[in-house]
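Residue numbers (my numbering), protein chains in the order written: chain A, 720 to 1244; chain B, 720 to 1244. The C-beta atom is built at its ideal place from N, Cα and C for all residues, glycine as well.
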């Protein structure tokens, strides 16, 4: 089913291939002409004196890749500066559809959330008549839970207790199952939490590395973290033919092939999917849990898009809920679920709020987790406060309820519209196919590359999808990320675009995208 | 000079000993009776089903210790809850002198800093007449630098450009030497930055680990990070007999003894000192730089207390300034200097603001650093904003200048008074000696333990300084951290206490401390 060649590459080699190899295979000059890197002087100083050179750099960092913020994004920033300087381009502005950064693409912050955080930041505002009483109440509650009643004090490393309790209540209401607040750990965005858990699972031994099952395509945090900790990547391919669902045969294949090379310990699942925009069915989740049980895997459920479900008939089921309803045989499985303030309808990426719930940990492991996160002191308390608003929003009858619901529904309504529009437009283009954008914030269309385009890319020393995305950027100003930054089956070519631009912008983006694509295909047909 | 036994332990074994071994040697029951851990059920579930147990846990996490937030602090929290419930104690409240958490001990936030962060959080306040114009100007400047003009958007991974530029200007003014803003990286507190740099220096090989020189006593972040990355700890002892300065012979000894076991690559220095409260002389810094040059070491200068210098005649010199003035031979040395919003006169720990400046990196390494931090997306933008205010405070003539200077001088003036009071009182007590609290926020007195106390501790399976600190907590409510949490020469016993309680509280604390000490010494004389 999968070529020996690809499968044998699972592990370190593959990280390079999956994690943005399209970028790393670019000539270094292309990388270095970017804004971010502009201060780098190519006239080499006396390297003999340096402690750190590419030869001595931590090899785990060297192999790490992170395409979402890779060179194509840096090139976009450079183009923006060129436009500012008056350089003529066939477009007026760069449209950043490369990263799930809601506010950057014009989404407005939720009034209530910002009011509560501002009140906590500058408590003198509690005396201002400009702020509604429910926002003041929330702020007083958080401040009451802070040491010295200041968000400038460290919180407990796991977070402010009252916020942990609010999160536990939110999870109980979401799932209909109990949640012990001491299982809830605030984090600096979800990424930080994911690393906190993955860290525990490392074996610390070169001879028998921890194996971490990661979906392909994936969000590059996973391969980056696996690389950083020198773990063994076990890539399993999502089934593009079935809405990017998890295929049990494929899970089985990937673990069997990896077993001689590592100790498989963790299964990462992203639902709703990034970069795929898929939403898993309950049945699929049950099967995944059964597989994890059989193989004795710790499940990491990346559920940061739990509010982002658009497709008719689709619904978000948390792994914890499903696991809790599968009977006593499954009830003691280890599972961590991750959440964030960055996504959903709030989109507060810069706030760096997040949490995870870790259930069924061995009691000693829970102590070790507490110890391990304490070396980071605590997550940002303002970010924790933002997280509190997400799990404890204004209730019906409270002064801020109507505005909050209006703002929330506006964002989610627009996202639904944009998801439909994106799916429909992409599938109307010859040479492109795209699964429905059922959730999250992304489309991950497949580009059916003409043979000539593949050869042209090869002659340039680039991956074909990278060449496609670079040209798209240079010719239209649209910034997206090549599929190879997330991983894809050999011989397929994708790209990830967000659906975050405003409805009007997205319409125009899709038109320009279509024109570009037709041009590209004609050129290489 | 140093016993073979101690020196031979340098490396993994010693991490356990240095990093809070006093705590880990407590009976587990003592650890588990704490508030933090209260949900841990001692009735063991079926461990055979668990992926993660103490046997399978990442061994690098297992050996990691972090005394500043260790079990004695958890016990303090438990006592607070007991007091709330009306349990009778010989004191009315717990005084937390265990952690440099300024706001938790009553320090008020700086008005201007909080105004700017609140304005950025809720920009509607830019229309309010309650806020001074200079605060609004600062907020507008930061928002202008944020994508979508929102602190809810991700910033560049290295930070908001305008803030990086402000930091560069601050460094230039501080040192009188140029600073390239692209060498400045914002971070989530200083700890995050320190880990970002240490990470690069790892060898990734078990057979030849990276050697990291860490002062003893030290802030436990260093040994914790060395443990987490499975590096080789090279502990060098600070000279207590000479104000905790760095002794060249001792640096020489430590590196020579470590050389067979690792590849020494990094030298960490904390100045002003934590937990020592020392301030290095310029001459000492020059000698350290010469040593680093000779041994080809990357210098990590933890300079988060650069605003906290109290002793007459003492002054803060940044490693960069000194290095820049030692002639061309030293000018290309690799150095990273770390700063934070958490300390200084602002004490904004919960904001998690920080930065580092990394100079003379090989250009390719700089690219790798950018890539490596990008997997964390970005530091909290509110924390970055707080950092901006620290490096770009109100200027003379601006509306907020007078209040800002009054608040700043009040905090620093009180700290100076408390530093003097603490040094004087501690040295007036028989059986205690303490170097001058010249800077930072800590006293690190030596307790001259009577033989009988050592035996009593041994019979309890505890380190003597841990026994001392536990008794101090139980009998007086004063929470401090045993010296073994920071490391100390064998046969010496210390504790770290902060000077952060208010002047009145600290006076009372020192009195109660003295009474306790006299009682303790009488009991064991």
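Less than 9 Å between the C-beta atoms of residue 1103 (chain B) and residue 1072 (chain B), yes or no?
As a working mapping, residue 1103 (chain B) is identified with position 384 in the second chain. As a working mapping, residue 1072 (chain B) is identified with position 353 in the second chain. For residue 1103 (chain B) and residue 1072 (chain B), yes; Cβs fall inside 9 Å.
Counting only Cβ pairs nearer than 9 Å, list the residues of chain A close to residue 772 (chain B).
Position 53 of the second chain, counted from the first residue, corresponds to residue 772 (chain B). The contacting residues are 1081, 1083 and 1084.
Using 9 Å as the threshold, is the C-beta distance between residue 948 (chain B) and residue 935 (chain B) below it?
In the second chain, counting from the first residue as 1, residue 948 (chain B) sits at position 229. In the second chain, counting from the first residue as 1, residue 935 (chain B) sits at position 216. No, Cβ-Cβ distance for residue 948 (chain B) and residue 935 (chain B) is not below 9 Å.
Residues of the region 973–990 of chain B with Cβ closer than 7 Å to any Cβ of chain A, in chain order:
984
Looking at residue 845 (chain A) and residue 702 (chain A), is the spacing between their C-beta atoms short of 9 Å?
Residue 702 (chain A) is absent from the model: chain A starts at 720 and stops at 1244.
Taking a Cβ distance cut-off of 8 Å, strictly less, list which residues of the region 869–891 of chain B are near chain A, in chain order.
869, 870, 871, 872, 873, 874, 875, 876 and 877
Amino acids of chain A, ordered along the chain, whose beta-carbon sits closer than 8 Å to that of residue 1087 (chain B)
To locate residue 1087 (chain B), count along the second chain from 1; it is residue 368. The contacting residues are 773, 776, 780 and 781.
When you compare the CB positions of residue 1050 (chain B) and residue 1001 (chain B), do they come within less than 9 Å of one another, or not?
In the second chain, counting from the first residue as 1, residue 1050 (chain B) sits at position 331. In the second chain, counting from the first residue as 1, residue 1001 (chain B) sits at position 282. Their beta carbons are not under 9 Å apart, which means residue 1050 (chain B) does not touch residue 1001 (chain B) by this criterion.
For chain A, is any of its Cβ atoms less than 9 Å away from the one on residue 1017 (chain B)?
The sequence position of residue 1017 (chain B) within the second chain is 298, counting from 1. By this cut-off, residue 1017 (chain B) is an interface position.
So which residues of chain A does residue 661 (chain B) contact, with C-beta pairs closer than 7 Å?
This structure gives no information on residue 661 (chain B), because the portion of chain B shown stretches from 720 to 1244.
Counting only beta-carbon atoms, is residue 1071 (chain A) nearer than 9 Å to chain B?
Locating residue 1071 (chain A) in the first chain gives position 352, where the first residue counts as 1. Residue 1071 (chain A) counts as touching chain B.
Unbroken beta strand (DSSP E) runs of length 3 or more, entirely within the region 1062–1149 of chain A: which are they?
1072–1078
Residue from A:957, A:1009 and A:990 whose Cα sits closest to the Cα of residue 998 (chain A)
Position 279 of the first chain, counting from 1, holds the residue named residue 998 (chain A). Among A:957, A:1009 and A:990, the Cα nearest to that of residue 998 (chain A) belongs to A:990.
Taking the Cβ atom as the reference point for each residue, do residue 1169 (chain A) and residue 1213 (chain A) lie within a distance shorter than 9 Å?
As a position in the first chain, residue 1169 (chain A) is number 450, starting the count at 1. As a position in the first chain, residue 1213 (chain A) is number 494, starting the count at 1. For residue 1169 (chain A) and residue 1213 (chain A), no; Cβs fall outside 9 Å.
Assigned secondary structure, residue 1184 (chain B) (DSSP; H/G/I helix, E/B strand, else coil)
Against the second chain, residue 1184 (chain B) aligns to sequence position 465. Three-state DSSP puts residue 1184 (chain B) in a helix.
Between the beta-carbon of residue 1007 (chain B) and the beta-carbon of residue 970 (chain B), is there less than 9 Å?
Within the second chain, residue 1007 (chain B) is the residue found at index 288, counting from 1. Within the second chain, residue 970 (chain B) is the residue found at index 251, counting from 1. Yes, the Cβ-Cβ distance between residue 1007 (chain B) and residue 970 (chain B) is below 9 Å.
Using a C-beta to C-beta distance shorter than 9 Å, which residues of chain B count as neighbours of residue 910 (chain A)?
Translated into the one-based positions of the first chain, residue 910 (chain A) becomes position 191. Residues of chain B passing the Cβ test: 1094, 1095 and 1096.
Rounded to a whole number of angstroms, what is the C-alpha to C-alpha distance between residue 882 (chain A) and residue 1119 (chain A)?
Position 163 of the first chain holds residue 882 (chain A). Position 400 of the first chain holds residue 1119 (chain A). Their backbone Cα atoms lie some 20 Å apart in a straight line.
Should the region 976–985 of chain B be called in touch with the region 892–907 of chain B, which here means at least 3 C-beta pairs below 8 Å?
no
Measuring CA to CA, which of A:1018, A:779, A:1232 and A:920 is closest to residue 1166 (chain A)?
The sequence position of residue 1166 (chain A) within the first chain is 447, counting from 1. Nearest C-alpha to residue 1166 (chain A): A:1232.
Hey, is residue 952 (chain B)'s beta-carbon within less than 9 Å of any beta-carbon in chain A?
Here residue 952 (chain B) refers to the residue found at position 233 when the second chain is read from its first residue. No - not a single Cβ of chain A is within 9 Å of the one on residue 952 (chain B).
Indicate whether residue 938 (chain A) and residue 993 (chain A) have their beta-carbon atoms separated by less than 9 Å.
In the first chain, residue 938 (chain A) corresponds to position 219, counting from 1. In the first chain, residue 993 (chain A) corresponds to position 274, counting from 1. Yes, the Cβ-Cβ distance between residue 938 (chain A) and residue 993 (chain A) is below 9 Å.
Supposed contact pair residue 1064 (chain A) and residue 1127 (chain A) - C-beta distance, whole angstroms, cut 8 Å
As a position in the first chain, residue 1127 (chain A) is number 408, starting the count at 1. As a position in the first chain, residue 1064 (chain A) is number 345, starting the count at 1. Sure, about 5 Å apart at Cβ, within 8 Å.
Output the distance between the C-alpha atoms of residue 1122 (chain A) and residue 816 (chain A), rounded to the nearest integer angstrom.
One-based indexing of the first chain puts residue 1122 (chain A) at position 403. One-based indexing of the first chain puts residue 816 (chain A) at position 97. If you take the alpha carbons of residue 1122 (chain A) and residue 816 (chain A), they lie about 28 Å apart.
What span of residues does the beta strand (DSSP E) with residue 1021 (chain B) cover, start to end?
Residue numbering aside, residue 1021 (chain B) sits at position 302 when the second chain is read from its first letter. That run of the beta strand (DSSP E) goes 1017–1021.
Quick one, are the C-beta atoms of residue 1087 (chain A) and residue 1058 (chain A) less than 9 Å apart?
Position 368 of the first chain, counted from the start, is the residue given in the question as residue 1087 (chain A). Position 339 of the first chain, counted from the start, is the residue given in the question as residue 1058 (chain A). Contact: no.
Could you say which of A:1160, A:1234 and A:1098 lies nearest to residue 1219 (chain A) if we only look at CA atoms?
Taking the first residue of the first chain as position 1, residue 1219 (chain A) is located at position 500. The candidate whose alpha carbon is nearest that of residue 1219 (chain A) is A:1160.
Residue nearest to residue 827 (chain B) in terms of C-alpha spacing, selected from A:869, A:1229, A:1061 and A:1138
In the second chain, residue 827 (chain B) corresponds to position 108, counting from 1. Selected option, being the one with the closest Cα: A:869.
Chain-ordered chain B contacts of residue 1091 (chain A) [CB-CB under 7 Å]:
Sequence index remark: in the first chain, residue 1091 (chain A) carries index 372 (1-based). 780 and 783, listed in chain order.
Give me the chain E residues within the contact set of residue 822 (chain B), using Cβ-Cβ distance strictly less than 9 Å, ordered along the chain.
As a matter of chain content, chain E is missing from the structure shown, whose protein chains are A and B.
When A:1180, A:951 and A:1005 are compared against residue 966 (chain A), the one with the closest alpha-carbon:
The residue given as residue 966 (chain A) occupies position 247 in the first chain. The residue with the shortest Cα to Cα distance from residue 966 (chain A) is A:1005.
Report yes if the C-beta distance between residue 1198 (chain A) and residue 813 (chain A) is below 9 Å; otherwise report no.
Here the question's residue 1198 (chain A) lines up with position 479 in the first chain. Here the question's residue 813 (chain A) lines up with position 94 in the first chain. Yes, Cβ-Cβ distance for residue 1198 (chain A) and residue 813 (chain A) is below 9 Å.
Considering only DSSP beta bridges, list what residue 1002 (chain B) is partnered with.
The residue labelled residue 1002 (chain B) in the question sits at position 283 within the second chain. Note: residue 1002 (chain B) sits in no beta bridge, so no partner.
At the level of alpha carbons, what is the spacing between residue 745 (chain B) and residue 978 (chain B)?
Numbered from 1 along the second chain, position 26 holds the residue referred to as residue 745 (chain B). Numbered from 1 along the second chain, position 259 holds the residue referred to as residue 978 (chain B). Summary for residue 745 (chain B): the model assigns pLDDT 30, below 50, so the residue's position carries little reliability; its value from the coordinates is reported in the next sentence. Answer to the nearest angstrom: the Cα atoms are 33 Å apart.
Roughly how far, in whole angstroms, is the beta-carbon of residue 810 (chain B) from the beta-carbon of residue 1217 (chain B), given that I think they are within contact range, below 8 Å?
Reading the second chain from its first residue, position 91 is the one you call residue 810 (chain B). Reading the second chain from its first residue, position 498 is the one you call residue 1217 (chain B). Rounded, the Cβ-Cβ distance is 18 Å, inconsistent with contact.
By how many angstroms is the C-alpha of residue 900 (chain A) removed from the C-alpha of residue 758 (chain B)?
Residue 758 (chain B) sits at position 39 when you count from the first residue of the second chain. Residue 900 (chain A) sits at position 181 when you count from the first residue of the first chain. Note on residue 758 (chain B): pLDDT 37, under 50, position unreliable in the model; no value is reported.
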